[in-house]
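Residue numbers (this note's numbering): -13 to 202.
Working notes, structure below.
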Amino acid sequence: MNSEEKEITYKTDNSYSTLNALTEHTKNVWFVCHGMGYLSRYFLRYFKHLNADENYFIAPQAPSKYYIQPKMHVGANWLTRDNTESGMQNILNYFDAVFAAENIPEDVNFIILGYSQGVSVAMRYLAKRQLQCSQLVLHSGGIPKELTAKDFEHLSKDTKVKLIYGTEDEYLDAERIVQESERADELFGDRLEILPFEGKHEVNTNFILEIGNYSI
-13 MNSEEKEITY KTDNSYSTLN ALTEHTKNVW FVCHGMGYLS RYFLRYFKHL NADENYFIAP
47 QAPSKYYIQP KMHVGANWLT RDNTESGMQN ILNYFDAVFA AENIPEDVNF IILGYSQGVS
107 VAMRYLAKRQ LQCSQLVLHS GGIPKELTAK DFEHLSKDTK VKLIYGTEDE YLDAERIVQE
167 SERADELFGD RLEILPFEGK HEVNTNFILE IGNYSI
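Following this line, the structure appears as structure tokens:
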């Protein structure tokens, strides 16, 4: 038996979600990448407490959907260790299409936030496309091993980076927290602010509110 794995290219469609309206009054535009098991429209609930006139949110949708037991809720996943490179290339192309559709103005504070698994895709996109942002928020997720400080040399000296994690996060033990903190320091140096909080693997809306208010 001769088994062979082949690869093809084809066109596909995907959705994304937004919150509020992009107007002349918008001061902050957020690009927020959800964690595993989320859908983009539900992830946006964590941002509804920010000023709607001044904050506009774009939440891309992870492409791989699945049922979550036991209630059979639908969740989604960005990447797995299988075919990661080609999977990430598809995500890069998808993010490009989202950015082209949204046409984000240059005179706003642009904030990139990744939560949990969303950290890896957000960081890879920022590095691959050499984007500028006012703030990069890395919330409870792992930094991709292949990224180096050189991948982020393009960032303005004014760009701020925040590493947020819960001290009781069931996916981040003490050793992993030290490792991720050291990696973040290697990549971002003086730009970096580490913000631990008492809590588990959950979105910290208090920090999100602080980030939004500070940016304004």
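Idealized CB from N, CA, C, for every residue including glycine.
Quantities reported herein were computed from a predicted structural model and do not represent experimental measurements.
| query | result |
| --- | --- |
| Spell out a yes or no on whether the region 124 to 133 and the region 49 to 62 are touching, meaning 3 or more CB-CB pairs, one atom from each, closer than 8 Å. | no |
| What is the rounded straight-line gap between the Cα of isoleucine 194 and the Cα of tyrosine 80? | 25 Å |
| In whole angstroms, what is the alpha-carbon distance linking aspartate 159 and serine 167? | 12 Å |
| Quick check on serine 1: buried or exposed, where buried means 16 or more other Cβ atoms within 10 Å of its Cβ? | exposed |
| What is the DSSP secondary structure of threonine 153, counted as helix, strand or coil? | coil |
| Can you check which of these residues, Thr9, Val60 and Val147, is closest to glutamate 88 by C-alpha distance? | Thr9 |
| DSSP on isoleucine -6, reduced to helix/strand/coil? | coil |
| Just curious, the alpha helix (DSSP H) that glutamine 80 is in, first and last residue? | Reading off the sequence shown, one finds tyrosine at residue 80, where the question assumed glutamine. Element bounds for tyrosine 80: 70 to 88. |
| Once the 5 residues before and after threonine 70 are set aside, which same chain residues still bring their CB inside 7 Å of it? | none |
| Starting from the C-beta of methionine 74, find all residues in its chain whose C-beta is less than 8 Å away, skip the five residues before and the five after it, and write them out in chain order. | Leu65, Val107 and Arg110 |
| Counting Cβ pairs closer than 8 Å, one from the region 112 to 122 and one from the region 20 to 39, do we hit at least three? | no |
| Taking the alpha carbon of glutamate -7 as the reference point, which residue from Asn76, Phe96 and Arg27 has its own alpha carbon closest? | Asn76 |
| Taking glycine 21 as the reference, which of Asp82, Ile97, Gly61 and Asp155 has the closest Cα? | Gly61 |
| With DSSP run on the structure shown, which of helix, strand or coil describes asparagine 63? | strand |
| Can you tell me which of Arg162, Leu141, Asn37 and Lys143 puts its alpha carbon nearest to the alpha carbon of tyrosine 151? | Arg162 |
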